[in-house]
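Protein chains in written order, with the numbering used here: chain Y, 1 to 392; chain G, 1 to 1145.
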């Protein structure tokens, strides 16, 4: 294999150049990306991001199993001296792989589920609102509601993540926010298609979603998952699609509520809390501040930082389509994160992304880390919620 | 019209500019923000690639600036405002107070007394200083100052601390100085040479700088290896003081990084290679370097890299993601070895970051005050099309050195000279210092010696019994007067000496005080004022070389002082009055070569008003420039630049000789005789060689036979006509460069990328194959990034092979072309680790530059470097001079260069030549060699050894007096005098009888217990001085004799010493290594080395064991090494002396 001569594929190269808007060309192969990639911490044969980019630079798509390892956490891009948008390169390479039918097992089913069920979880669309049956959530009405609460597929279907949505509902109600949901009409944001590299299908999904939002007159939405929020605020505009509404991540919205004095917390016991920066909230969107401010607003919270936090935070391993691929035990980033949180002296590991929550809680269980509780920020805040007098 | 130039910044670029201007008769105001001039070069340990000791070669220039009557140094000063126009600027300068007056004797007592301890900036904060301190031992002007912000007596001082006031006996501390003084100066031009700052690596938190003590910046490492640095030159881990077992050097920290500085910082590759070399040299077992491209672009740089690799340094292509402490407390570095495609997590004891070069802090404000523009990166914006990088956006204001972007020392020096050349064109009046006319004393032929012994407060008197020394001096022959004084250099004491000379009829003066390096000029002034020839002075350095270094052996120190005074008296008795000579000089110049360098130099010289002849072999001006379409990276049209230059040549009345060559050339500096092929005969004072270089003519890849193979110069013609058939173009770099003795050709990477981008913009598919991408020059890295973004594809081929071996090309004209019928290029791609095949219709060979053949070179006795290009006088500080006085180098004849580098160097050559010519005479210090024709036997040995070709054979060999010494060309090293077996050459002030008398005096008592040490003036004497400044104690057995150069030492000196029974003899001089020499006389110390080998063999045969005759190179920064060596020699002496007393021997 290695003695085979590589022939430059000019057509593919020009296409890569165009697909990545030139991003692929700027790399001068220093290898920081490979060194930064968290796979290096868990695998003997790490993900050579540099080699993948080099292949892209030569137009050699090639079926490379490591291509599907990428969690799109962007740790590589954060340190890249050339400022290469490496996620863009990865997606372009994955697109070539789709075209050449060199896709990891199980991934086509995700896209088919998006097609048939409007969600990647292979769940019936009719069950989208099952989690909120008892909550009596109003259908969004632009005339009445301040915001749309956008639940997203994971919080709609995943049992653990549903708790986050429920907690958030209590918080919003506690703050007296008037909000609605789209219910079964809620569209999938399509981020899973994007990070799996099916750029064409993602475009379709984005257009569909935008149409639904437009039909419902959405002017402002609150997303639970940073992945959805990233899609609305960054991926849609990158498609040159007009996004007519303001999208916020729920931590930002909670921060606003706290600042406006609409949301107040009561004192509980003192607890050491650390925060897992979700990649799509932090590195990819630059929001490190809001979630920490919300945590600091909760009395008794002693915020401690893990050594790697902020731009250096370790990915949970759930992005980039990895939620739908099997990661063998011993290769899960989240397994590393639990001891890091313990080392920082935290009793509670708080995050603000359904993927992080699922992965980290799993790892905490595996590690039998009885002293460390993994919880979403919405849930944590909910525990300290000063019940408004008018609450149900 | 003003006669002055303002130079802002006293680093090496500013120093060079100031010296060239002053030499050319301009008055200079040198403004320096810090307390001392010297800049970053003064902080550096060694210079690449020659490993010259940095301060050794810079300190003489610093003191030259200090002593030059035309230069006013304003330290601790900043420019406040500037108004007016070229020729007539009015500038205001704010100067902070030093609080120490010129009465300071550099004794250092104040520093001991000061209770305030602060981090020392010059050691990057790794060592301490006091609130009253001297930044570096060589501090100029003045040694000590008070950091008033941290001083306990900072006004209003209600409870003043007076420790220093009490300690300072000469009362040199004055707290009543106004905090700030405003100066107004009128100047004709301004040179901005403010240097650079460095990127704070804390901004890359992943690298742990500032968090972990063992992550250092390059400058911190520089101090760590410096023997005058905080650890005395030991490489240690700052965290716990252990010796590191391995070190990692990381390149491009903050440079070539879109997050911080996108440009290349240019010289970090080379200093990191130097650091790697030094680390290995210090015995660090493992040394790794993480690089992206090794930009070893200069003369001898690639060779130095190879040597460092051969010594065992590992160069790994990669860049770290994290540098973090590991469990063992050392550092874990995570990076990818990109050539092996392996992610590595390796542990290092020490990590050194080559942090980016950034614009000097405050440059922004200064630029506003001066009204000049900065570029997007914050460096001074250059008007490249007009004057290389030296011209700013405001007429009359010029930039030099790193103020217009990162540059290494020789490039900064060149620009300093170049800026000086341009600044001179704004001045009308010139001045040269005139000797003060004092009626001479009579009876000078009779030696009547006066001895003045200095207490230097308690610095000398606290150890040496000065009264006893003065008493002793009175007993010496010809001594008519001896006294001791509190501070000999103090103003009133100087007067005392003056009066004593007149009163006592003293005709020879011995001052037993401190170092002649700092005080000789002061006492020479005293003599001159008293009407005595200043060369009738001899100093005995009983402070730096006696009281400071033997403070616990008071009696021995007093005995040594007596010996030293006696030695000085013996020499003084034999001193004769010497007169500076004024030699005739023709104020006209010859510039050879009409390319861009030649034209630039000629125009600059003609506009300074000199008759300038420009000789060009071909019938047109332009040289290689006329074959170019655009100039990379600026994209300036070559034809535009050429036309503009030709216009300037015509306008400035340069005398053109086209289609003409130089037939013969003879003579020496000031008076060269030139015969041209057009029949004209020229008499010129200086010559600028601008003969350029030849593009390599490839014979590989069937160039010339295969129509699809062209060179980059052929391509240039195609681009001009926008006519290139073939869609897929592959450019191959390093054809004819970087192989064998040929180094990097500098211009080609940038030029190649520029062409590639042009082709890409024409819609072609363009590939570039190179070894490293060396886009080091200003704007070039940006061009590289632009080309990448545009879709030019870059590949790396095996850097160890020449392109024809690393790359196979199958032309579309050949059978066996690839499957789609086209041609292709195939090679092993190092970043993929695979053979790659690239479809190719046109193969462009990017050729290097080669030296020209020229008979003039032999006639002028110019040397060539290993690569065949003409050799400069010094690779760092003499980039445009040659070993032949009056001959200067401009452009690619000295080494491959691009257009703007050639222009900068041409301006520098014009500046240097202008400085020589402007005065109309050559003034020589009277230390040059004198021939005694009646003793000469015509053996020609002196002709062969002279490092400056200053001795010419004029008659038959073997006939007496058949040589002449050209005083104008002689630099006074004395190599010839030491070589002459017949004593037919005399070195004034260092004559053989004088040195013999010193030897005799030194060894008169108990010679077996003494070690005679010969030092050269520049490095080893300065090293011995430094040992004193640093108070490094060593045994009092050494007796030091100074000459200008170690090549002055004769066999007879050594013979006499042993004849007298000396315990040992130590020969010292500037450092000489495999890589270079610190020698101030063009490698003359190589001869010292050769002679020493011979002496050791010879004296061994005479029964002198080799340990009694030793040689040790000592740099000016090696006080510690000097002290250690003397201690070692003391043991030799001791053993020898005890053997003598043993019965039966």
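Idealized CB from N, CA, C, for every residue including glycine.
Predicted model, so just to flag it, every value in this text is computed and none were measured.
Residue-level contact to chain G via CB, residue i, 8 Å cutoff
| i | result |
| --- | --- |
| residue 315/Y | no |
| residue 81/Y | yes |
| residue 170/Y | no |
| residue 32/Y | yes |
| residue 340/Y | no |
| residue 29/Y | yes |
| residue 35/Y | yes |
| residue 156/Y | no |
| residue 118/Y | no |
| residue 312/Y | yes |
| residue 25/Y | yes |
| residue 66/Y | no |
| residue 53/Y | no |
DSSP state of residue i mapped onto helix, strand, coil
| i | result |
| --- | --- |
| residue 797/G | coil |
| residue 483/G | strand |
| residue 712/G | helix |
| residue 106/Y | coil |
| residue 76/Y | helix |
| residue 50/G | coil |
Cβ of residue i within 8 Å of any chain Y Cβ
| i | result |
| --- | --- |
| residue 839/G | yes |
| residue 10/G | no |
| residue 282/G | no |
| residue 338/G | yes |
| residue 776/G | no |
Cβ shell of residue i (< 6 Å), same chain only, five flanking positions each side left out
| i | result |
| --- | --- |
| residue 197/Y | 91, 94, 95 |
| residue 293/Y | 255 |
| residue 478/G | 447, 449, 573 |
Inter-residue CB distance, residue i and residue j (contact presumed, cutoff 8 Å)
| i | j | result |
| --- | --- | --- |
| residue 828/G | residue 810/G | Contact flag wrong, Cβ pair sits at about 16 Å. |
| residue 130/Y | residue 84/Y | So it is not a contact: roughly 43 Å between Cβ atoms. |
| residue 504/G | residue 480/G | 6 Å |
| residue 274/Y | residue 305/Y | 6 Å |
| residue 1066/G | residue 975/G | About 20 Å; that fails the 8 Å criterion. |
| residue 331/G | residue 212/G | 6 Å |
| residue 269/G | residue 1078/G | Contact flag wrong, Cβ pair sits at about 23 Å. |
Neighbourhood of residue i by C-beta distance below 7 Å, restricted to the same chain and skipping five residues each side
| i | result |
| --- | --- |
| residue 162/Y | 131, 155 |
Same chain, Cβ closer than 8 Å to residue i, neighbours up to 5 away in sequence not counted
| i | result |
| --- | --- |
| residue 813/G | 706, 707, 708, 823 |
| residue 342/G | 336 |
| residue 462/G | 547, 551 |
Residues in the stretch 276–295 of chain Y having any Cβ partner in chain G nearer than 8 Å: Under the 8 Å Cβ criterion, the stretch 276–295 of chain Y contributes no residue.
Residues within the stretch 341–360 of chain G neighbouring chain Y, beta-carbon criterion of under 7 Å: Going along the stretch 341–360 of chain G in chain order, one finds 341, 343 with a Cβ nearer than 7 Å to chain Y.
Residues of the stretch 250–267 of chain Y with Cβ closer than 9 Å to any Cβ of chain G, in chain order: Answer set for the stretch 250–267 of chain Y: empty.
Selection of the stretch 247–269 of chain G by Cβ proximity to chain Y, strictly under 8 Å: Near chain Y, meaning a CB-to-CB distance below 8 Å, the residues of the stretch 247–269 of chain G are 252, 256, 257, 258, 259.
Residues within the stretch 750–769 of chain G neighbouring chain Y, beta-carbon criterion of under 9 Å: Those residues of the stretch 750–769 of chain G that come within reach of chain Y (Cβ to Cβ, closer than 9 Å) are 765, 767.
Contact list for the stretch 9–22 of chain Y against chain G, Cβ threshold 9 Å: If you check each beta-carbon in the stretch 9–22 of chain Y against every beta-carbon of chain G, the ones closer than 9 Å belong to 10, 13, 14, 17, 22.
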